[in-house]
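For reference, the structure is listed below as structure tokens.
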Amino acid sequence: MRTPASLAEKGRTLKDWLGGHGAQERPFEDSGTLIKPKRSPRKRSALFAACETTLLAHLKAACLWPADERNRTWRIGDYSLYVLEFTPEPGVEVYVQTWSEPDEQRVTFQASSTAWIQPRGGYEHAEKREMLRDYGLEVGGQPHHYEKVIDVSTARDVRALAREAIAVLCRLFGYDGRQPLTYRLHLGTRLRADAVFDAICARDLAKLMRRWRFDARIDENGGKPNLITSAVGEQPFLVALVGERPEGLNEYGVMALRAFLRFTDGIPDGFANSINQDFLTVKAGVDADGDLIVQMPVLLHGGLTEANLEMSFQIWKQTLEEIVKGLE
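Each residue of the sequence shown is one higher than the one before, counting from 0 in numbering that gives the first Met the number 0.
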């Protein structure tokens with residue numbers, strides 16, 4: 000995963016980021032000063048006017064998840080954190096923040112002060128906590144966080160949220176513009192960007208199988224370039240590649256792992272059904288020759304990493320070992 004970089008370091012604006020392939024570039028982080036300090040105190044209306052345009056742009060990026068931007072600027076697994084903070088006195092930080100995730104149409108709005116963790120100065124007083132409760136905020140997941148859930152699905156909701164954030168900072172925490180009000184915008188993700196296979200050719204798969212300590216032979220001379228033979232111990236199995244995409248490139252989106260178990264005296268009664276009940280990843284049956292056939296599909300559609308593929312083959316190996324051991 001890439002280390003988050005600020006917009007300034009990339010030489011790009013937030014608008015540039017939203018207009019590009021944002022979902023592929025998370026995590027993305029930006030920070031700076033939202034309101035520059037002045038010597039004289041300012042009214043709340045003047046402070047909101049000074050930061051309105053930028054604050055709305057930040058909150059729209061953090062709190063709105065447009066349906067037509069799905070899988071472009073956001074995916075399920077993404078999240079956004081936006082923090083507004085100022086320092087009323089040395090060693091004390093006061094902040095409000097929003098946490099948002101897609102397909103929820105709501106944000107968690109939080110307010111807190113570091114003075115409540117390590118009491119000092121006037122910000123430790125219980126009066127401010129009571130005022131937060133009057134605003135509808137209650138103690139949340141962390142003891143010193145006061146929070147509430149707010150419905151946010153439109154630009155109008157974002158404007159109301161922006162006004163509430165400034166109101167809490169000014170009315171409850173005494174912000175008057177004589178200190179800088181800083182922001183931090185973090186567009187994060189719980190997804191990990193890895194190289195994936197959404198189709199694979201037999202030659203590449205055989206190379207991977209050998210790396211995973213499987214024997215792998217391609218029957219190219221027999222006119223079956225999409226068929227790999229291998230074995231788990233003394234038990235042979237086949238890997239048939241199907242679902243060529245696109246046609247003519249010998250790249251396939253589905254693997255069918257298949258093993259045939261032959262019995263001199265016939266298959267024990269109920270053995271195939273027992274396998275189907277005991278092993279969730281494979282399907283067992285009887286073929287036209289009276290042999291037991293055990294199969295496991297592996298779908299590459301949507302993309303699988305090398306680690307995912309290796310895990311599938313290790314599960315297959317363990318399953319065959321357990322089935323063969325049960326016959327001894």
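Virtual Cβ for every residue (Gly too), placed ideally from N, Cα, C. None of these values were measured; they are calculated from a predicted model.
Spatial neighbours of V82 in its own chain (CB-CB distance under 6 Å, excluding positions within 5 residues in sequence) are listed in chain order as Y94, Q96 and R183. The region 125-136 makes no contact with the region 74-91; the number of CB pairs closer than 8 Å stays below 3.
Per DSSP, S44 has no beta bridge partner at all. Taken in chain order, the unbroken stretches of alpha helix (DSSP H) that lie wholly in the region 147-197 and span 4 residues or more are 154-166. At the C-beta level, A255 and A239 come within 7 Å of one another. D29 and R71 have their C-alpha atoms spaced approximately 20 Å apart. Residue pairing by DSSP places T107 opposite W98 and V148 in a beta bridge. Only exposed fits S44, as fewer than 16 other CB atoms lie within 10 angstroms of its CB. In the three-state reduction of the DSSP assignment, S30 falls in the strand class. Excluding the 5 residues flanking it on each side, L54 has same chain C-beta neighbours closer than 7 Å at L33 and A161, in chain order. When C-alpha distances from F262 are compared across D286, N249, P65 and A198, the shortest belongs to D286.
Boundaries of the alpha helix (DSSP H) around I274: F270 to D277.
Nearest neighbour of T280 by Cα position, chosen from A56, Q234, E321 and H57, turns out to be E321. Short of 8 Å from the beta carbon of D102, and not among the five residues preceding or following it, lie these beta carbons of its own chain, in chain order: W64 and I75. When DSSP states are grouped into helix, strand and coil, E51 belongs to the helix group. F196 places its beta carbon less than 7 Å from that of L299. With 16 or more other CB atoms across the displayed protein chains lying within 10 angstroms of its CB, N225 is buried.
The continuous alpha helix (DSSP H) containing D203 extends over residues A201 to R210. With 16 or more other Cβ atoms from the protein chains shown falling within 10 Å of its own Cβ, D175 counts as buried.
Taken through DSSP and simplified to helix, strand or coil, I217 comes out as strand.
L248 is classed as exposed because its beta carbon has fewer than 16 other beta carbons within 10 Å across all chains shown. H143 is positioned such that its CB atom lies closer than 7 Å to that of W115. Annotation: the continuous beta strand (DSSP E) that includes T86 extends over D77 to E88.
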